[in-house]
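Visitor: Shown below is the structure under consideration.
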Amino acid sequence: MKNCKTGLNRLRAGLPHDWSAGDKTGTGSNGAVNDLAIAWPPSRSPILIVAYMSGSLAKTEVLEAVHAKIGNIVAAAFASN
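Sequential numbering of the sequence shown, starting at 18, is according to this note's numbering.
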């Protein structure tokens, strides 16, 4: 999962660079753009992050940017705790 290249613009794109992460992506013809990531913040237990989107008419690049924002929100939430 750490070697997955299709997830570099999804959840992992929103995570800090000092976090290790791996993911499994999925993309479907019904507007589905999905990602499941395991993130390892420094000196913390791993975090499982899952985002599924379906039925969208937006381009994949737009939905990937939403995934990155979700990754950023999760990272910020765990950084503040």
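We treat Cβ as the ideally placed atom computed from N, Cα and C, and that holds for glycine.
Mind checking which residues open and close the beta strand (DSSP E) that includes Ala68?
Guide: Taken as a continuous stretch (DSSP letters only), the beta strand (DSSP E) holding Ala68 covers 64 to 70.
Visitor: According to DSSP, simplified to helix, strand and coil, what is Asn89?
Guide: Asn89 falls in the helix class under three-state DSSP.
Visitor: Going by alpha carbons, who is nearest to Ala94 out of Gly31, Thr77, Val83?
Guide: Nearest of Gly31, Thr77, Val83 to Ala94, Cα basis: Gly31.
Visitor: At which residues does the beta strand (DSSP E) containing Lys41 begin and terminate?
Guide: Segment 37 to 44, the beta strand (DSSP E) holding Lys41.
Visitor: Only counting the same chain, and skipping five residues up and downstream in sequence, which positions put a Cβ closer than 8 Å to that of Ala92?
Guide: Excluding sequence neighbours, Ala92 sits near Gly31, Leu32, Pro33, Trp36, Ala56, Pro58.
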